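Everything below concerns the one structure shown next.
Numbering (the numbering used here), first residue to last: 220 to 705.
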């Protein structure tokens with residue numbers, strides 16, 4: 220069986236697995252709310268992650284099949300041309316001895332990249348994220364070339380050898396510096412559920428008045444009778460996406476993979492915007508309704524001066540008290556802070572100049588909080604779930620630069636606490652945004668339109684009291700959680 224047939228067989232097997240897992244996820248989604256339990260929700264979350272990985276692998280194999288088919292077509296075309304012109308090569312007669320040493324062309328070079336034969340960036344991406352063995356072999360060969368020809372050798376503790384084939388050719392260094400994004404820590408804390416296949420609204424039955432019980436006044440008298448009242452919580456499905464017009468010349472004559480670079484930037488922007496809307500989306504102009512804009516969440520009282528470590532500690536304790544007291548099934552599980560607020564807290568000291576937040580590795584004693592990831596950030600960077608940077612009031616702290624910093628008269632940043640299991644995020648296509656390429660829209664200008672989008676819905680309205688916020692309601696400028704000075 221040739222390599223192309225093996226790839227096609229793998230693709231069919233993977234597609235069968237995807238269909239099976241998608242059917243199971245759809246089955247769970249179609250269950251009644253009262254039939255869902257933690258095990259089913261966990262299974263649905265795991266299915267989403269597995270489907271995303273399987274689809275990425277399927278896309279990788281499809282790309283390999285396309286490359287193999289293209290190369291096979293080229294070989295056939297060369298053979299046909301040689302037959303037509305009578306230039307079929309004959310084996311070269313080799314003499315004994317007289318070996319000749321020649322210089323072989325490098326794996327990566329400007330000319331090869333310009334011709335679209337090899338691309339260091341594309342191979343690094345495909346090898347790392349798609350498991351492309353051919354790309355990994357080219358990277359390994361490049362690493363050997365670096366060592367043989369003496370390029371990139373370092374005597375420091377960490378050498379280029381530590382990174383195997385991921386040492387880029389010198390001509391590519393500093394040419395590609397993507398825009399830095401805020402990531403999506405809050406979104407990655409949530410269990411993502413698959414969107415129903417149709418419709419632009421998700422409806423959740425929600426009790427607004429519960430049954431009641433009371434002591435029977437006298438024997439044979441009527442028991443307490445209070446009618447339950449239910450209402451539908453309607454969650455709109457939103458479309459989040461972006462587009463970029465790219466000249467055909469840049470795609471055809473520029474560095475191969477430039478469309479991949481654009482799509483990766485659009486994807487990073489998508490996840491940051493999804494995260495921002497989950498936190499503070501207005502619910503208007505096509506945005507999701509974020510946690511901080513949901514009616515019924517707890518809002519801590521306003522500060523009467525600029526926040527200090529002591530007043531901040533009290534305000535945030537009040538947020539936890541409100542959330543923990545909202546019901547027996549609501550358990551606070553996280554803190555979400557803008558990086559500036561966490562590192563402001565880390566900078567606070569007592570009257571003797573001793574820090575109130577200390578690294579946990581040292582064995583914190585009498586500390587207000589503990590720093591578990593000194594100098595770190597929870598911005599995902601491929602981590603799911605995100606990494607906590609510390610512990611505050613006994614709960615993990617996650618930093619998220621999408622937490623707003625210009626709220627209220629202050630203006631203030633916000634600190635959010637809550638039960639993460641009470642927020643619901645639905646995403647289409649297993650959370651992977653769709654990529655489209657339109658070549659005819661602006662064809663007269665030789666412009667190619669690259670589009671990335673996805674459908675998503677979020678609500679904290681199922682149990683609004685499961686979330687609380689400190690900051691953002693100061694009535695006087697300069698009061699509250701204003702921008703700290705370091």
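Glycine is no exception: its CB is placed at the ideal position from the N, C-alpha and C atoms.
Note that this is a predicted model, so its numbers are computed, not measured.
query, result
"Only counting the same chain, and skipping five residues up and downstream in sequence, which positions put a Cβ closer than 7 Å to that of residue 597?", "404, 605, 606, 607, 608, 617, 618 and 619"
"Judging by CA-CA distance, which residue of 463, 541 and 687 is the nearest neighbour of residue 512?", "687"
"Return yes when the Cβ of residue 551 is within less than 9 Å of the Cβ of residue 478, no when it is not.", "no"
"Name the DSSP beta bridge partners of residue 269, please?", "DSSP lists no partner for residue 269."
"Closer than 7 Å by C-beta to residue 611: which residues in its own chain qualify, once you throw out the five before and the five after it? Chain order, please.", "554 and 588"
"Mind checking whether residue 644 and residue 461 have CB atoms under 9 Å apart?", "no"
"How is residue 550 classed by DSSP in three states: helix, strand or coil?", "coil"
"If you check the beta carbons only, do residue 493 and residue 463 fall under 9 Å apart?", "no"
"Since residue 666 contacts residue 466 with CB under 8 Å, what's their CB separation in whole angstroms?", "6 Å"
"Buried or exposed, going by whether 16 or more other CB atoms sit within 10 Å of the CB of residue 482?", "buried"
"Is DSSP giving residue 407 helix, strand or coil here?", "helix"
"With a threshold of 16 other CB atoms inside 10 Å of the CB of residue 250, please say whether the residue is buried or exposed.", "exposed"
"How long is the line joining the alpha carbons of residue 413 and residue 696, rounded to whole angstroms?", "43 Å"
"Within the chosen definition, does the stretch 674-689 reach the stretch 531-546 through at least 3 CB pairs nearer than 8 Å?", "yes"
"Kindly list the residues whose CB is nearer than 7 Å to the CB of residue 532, restricted to its own chain and excluding five residues on each side of it in sequence; keep chain order.", "587"
"Using the Cα positions of residue 590 and residue 578, report the straight-line distance between them to the nearest angstrom.", "4 Å"
"Our contact map puts residue 524 next to residue 698 with C-beta atoms below 8 Å; I'd like the distance itself, whole angstroms only.", "6 Å"
"Anyone know if the C-beta pair for residue 410 and residue 261 falls short of 9 Å?", "yes"
"In terms of alpha-carbon separation, which member of 354, 418 and 397 lies closest to residue 480?", "397"
"Does the beta-carbon of residue 326 have 16 or more other beta-carbons within 10 angstroms, so that it is buried, or is it exposed?", "buried"
"Please list the terminal residues of the continuous beta strand (DSSP E) segment that includes residue 673.", "666-678"
"Does the separation of the CB atoms of residue 675 and residue 459 fall below 9 Å?", "yes"
"Are the CB atoms of residue 557 and residue 651 within a distance shorter than 9 Å?", "no"
"Using the Cβ count rule (16 or more neighbours within 10 Å means buried), how would you classify residue 449?", "exposed"
"Should the stretch 416-428 be called in touch with the stretch 439-457, which here means at least 3 C-beta pairs below 8 Å?", "yes"
"Tell me which residue opens and which closes the alpha helix (DSSP H) that residue 513 is part of.", "Where residue 513 is concerned, there is no enclosing alpha helix (DSSP H), given that its DSSP letter is neither H nor E."
"Starting from residue 656, trace the alpha helix (DSSP H) both ways and give me its first and last residue.", "Premise fails: residue 656 lies in the beta strand (DSSP E), 653-661, not in any alpha helix (DSSP H)."
"What's the call for residue 239, buried or exposed, on a 16-neighbour Cβ count within 10 Å?", "exposed"
"What's the C-alpha gap between residue 225 and residue 352?", "14 Å"
"Under three-state DSSP, which class holds residue 578?", "strand"
"Among 540, 516, 490 and 431, which residue has its Cα nearest to the Cα of residue 642?", "516"
"Could you tell me the alpha carbon to alpha carbon distance between residue 357 and residue 613, rounded to whole angstroms?", "49 Å"
"At the level of alpha carbons, what is the spacing between residue 689 and residue 457?", "28 Å"
"Please report the Cβ distance between residue 538 and residue 526, rounded to the nearest whole angstrom; I am assuming they are in contact, meaning their Cβ atoms lie under 8 Å.", "Actually they are not in contact, since the Cβ atoms of residue 538 and residue 526 sit about 13 Å apart, beyond 8 Å."
"Would residue 632 and residue 673 qualify as a contact pair, given that the criterion is a beta-carbon distance under 9 Å?", "no"
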